[in-house]
Amino acid sequence: MQTATSTNIYQLTEEQLAVRDAAREFAQELWAGVIERDDHQKFPTEQVKKMGELGFMGMMVSPEYGGSGLDTVSYVLAMEEISKVDASCSVIMSVNNSLVCWGLEHYGTEEQKQKYLPRLCSGEIIGAFALSEPEAGSDATSQRTTAEDMGDHYLLNGTKNWITNGTTASVYLVIAQTNPELKSRGINVLIVDKDMPGFIQGPKENKLGIRGSDTCSLMFTDVKVPKENRIGADGFGFKFAMQVLAGGRIGIAAQALGIASGSLELSLKYAKERKAFGVEIAKHQAIQFKLADMATNVDAARMLCLQAAADKDNHDDYAKSGAMAKLFASKVAMDSAVEAVQIHGGYGFVKEYHVERFMRDAKITQIYEGTSEIQKIVISREILK
Ligand code: CAA
Numbered sequence: 153m154q155t156a157t158s159t160n161i162y163q164l165t166e167e168q169l170a171v172r173d174a175a176r177e178f179a180q181e182l183w184a185g186v187i188e189r190d191d192h193q194k195f196p197t198e199q200v201k202k203m204g205e206l207g208f209m210g211m212m213v214s215p216e217y218g219g220s221g222l223d224t225v226s227y228v229l230a231m232e233e234i235s236k237v238d239a240s241c242s243v244i245m246s247v248n249n250s251l252v253c254w255g256l257e258h259y260g261t262e263e264q265k266q267k268y269l270p271r272l273c274s275g276e277i278i279g280a281f282a283l284s285e286p287e288a289g290s291d292a293t294s295q296r297t298t299a300e301d302m303g304d305h306y307l308l309n310g311t312k313n314w315i316t317n318g319t320t321a322s323v324y325l326v327i328a329q330t331n332p333e334l335k336s337r338g339i340n341v342l343i344v345d346k347d348m349p350g351f352i353q354g355p356k357e358n359k360l361g362i363r364g365s366d367t368c369s370l371m372f373t374d375v376k377v378p379k380e381n382r383i384g385a386d387g388f389g390f391k392f393a394m395q396v397l398a399g400g401r402i403g404i405a406a407q408a409l410g411i412a413s414g415s416l417e418l419s420l421k422y423a424k425e426r427k428a429f430g431v432e433i434a435k436h437q438a439i440q441f442k443l444a445d446m447a448t449n450v451d452a453a454r455m456l457c458l459q460a461a462a463d464k465d466n467h468d469d470y471a472k473s474g475a476m477a478k479l480f481a482s483k484v485a486m487d488s489a490v491e492a493v494q495i496h497g498g499y500g501f502v503k504e505y506h507v508e509r510f511m512r513d514a515k516i517t518q519i520y521e522g523t524s525e526i527q528k529i530v531i532s533r534e535i536l537k
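Each residue of the sequence shown is one higher than the one before, counting from 153 in the working numbering.
Next up, the structure:
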């Protein structure tokens, strides 16, 4: 299918193109009910189940653990396609893939991988990643949640905020402070099951965007977490968080890219249909200039996303390229969605035309998995090294 912008700039392989096409085909199913899910903050249960069946919930996990065994480039392509229609579905997918599955597969014990990955990949269960706190968002080393070492278990106490998949997950990777004198080197990451006594999930937040996905606070009161649920060595938790977030940012960059390219595609369609001053509005330069800017930005964002994904696949350092992709693509998402609303005029302001939802959804891509300001910190540290 012909698209408005270049999609094969990286000479994608047959397999990568097939993944993109499969995601594009699946994404068409997401249009049904997307406005209702957004209106009522309805979690896309059926859609997530189907994403599991199609292999989108554990895309980069080895088939040995039930995953699709694909590369990060394929993941970026699928994230873009799904985000073009429903960014709520894609954030659920992104957290499960990049933060939970990737973290478990790369740093978990064999037992942890066997126990959780097959069900996470199939969509039978969903995972969540719990780092942010009421007073530790960007300043992630200031963890107040404590994991006191009790010999054979940790005693977990504290509160986490803004947790994606918070009410629907069955397994949570929780970052907590064990040894405050050691600062970031005293932090651990623990696997917490939903039904552990003392663990409760707060009510769903009433959000501006990505309303189909659920976000909530988590409260831990004397939760006994067995020692075997720790991922990595004692004190590895902060590095773990930084590593998974570096990859997670590529997923969110691709989500932002999808919101931008979705905004462009709907705008192109509308501009060719809608007439004003006797001709289709696409014939007016005022609209053409907007479309040209959007298409240029979408292509540039896609190049950065694919570059970061290729860096990760080639085992090159991807902290900088991932942060650049997220910084740029999230701005392009916001700008493109605002322009899409403008191009649609009054129709852009009502739900049936979807672009107002894209505009609301775009904003979070500049906030979660590190604000745009955090991405600039990561990039500037790398280039000043
Ligand atoms: N990989 C490995 N280690 C890393 C790393 C990386 N990419 N980045 C930092 N580290 C290590 C450092 O080397 C350092 O280790 P040593 O102590 O051994 O030297 C340690 O981590 C601490 O690093 P810094 O001193 O650089 O830490 P800092 O306090 O200056 O903070 C920061 C750095 C980049 C600002 C970081 O705090 C950060 O990324 N903050 C944003 C957090 C974030 O993205 N939150 C989003 C929440 S998750 C989410 O949104 C998910 C969702 O629901 C969708």
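All C-beta atoms, glycine included, are put in the ideal place defined by N, C-alpha and C.
In this structure, the C-beta of Phe195 stays at least 8 Å away from each heavy atom of the ligand CAA.
Between the alpha carbons of Tyr259 and Ser214 lies a gap of roughly 14 Å. Remark: three or more beta-carbon pairs, one from each stretch, lie closer than 8 Å, so the stretch 316-327 and the stretch 339-348 are flagged as touching. No heavy atom of the ligand CAA is found nearer than 8 Å to the CB of Asp386. Look at Ile234: its beta carbon is at least 8 Å from all of the heavy atoms in the ligand CAA. The beta carbon of Glu181 sits closer than 8 Å to those of Gln199, Lys202, all from its chain and outside the five residues before and after it, given in chain order. Per the Cβ contact rule, the stretch 347-354 is in contact with the stretch 375-382 (3 or more Cβ pairs under 8 Å). In the DSSP assignment, Met455 falls within the alpha helix (DSSP H) that extends over 437-465. In the three-state reduction of the DSSP assignment, Arg382 falls in the strand class, which pools E and B. At least one heavy atom of the ligand CAA falls within 8 Å of the beta-carbon of Phe390. Within the stretch 259-287, the complete alpha helix (DSSP H) segments at least 4 residues long are 262-274, listed from N- to C-terminus. DSSP, reduced to helix, strand and coil, places Ile519 outside both helices and strands of the structure shown, so it counts as coil.
If only complete runs of 3 or more residues are kept, the stretch 314-396 shows the beta strand (DSSP E) at 323-329, 339-345, 351-353, 367-378, in order along the chain. Relative to the ligand CAA, even the nearest heavy atom lies 8 Å or more away from the CB of Met231.
According to the DSSP secondary-structure assignment, Glu300 is paired through a beta bridge with Leu307.
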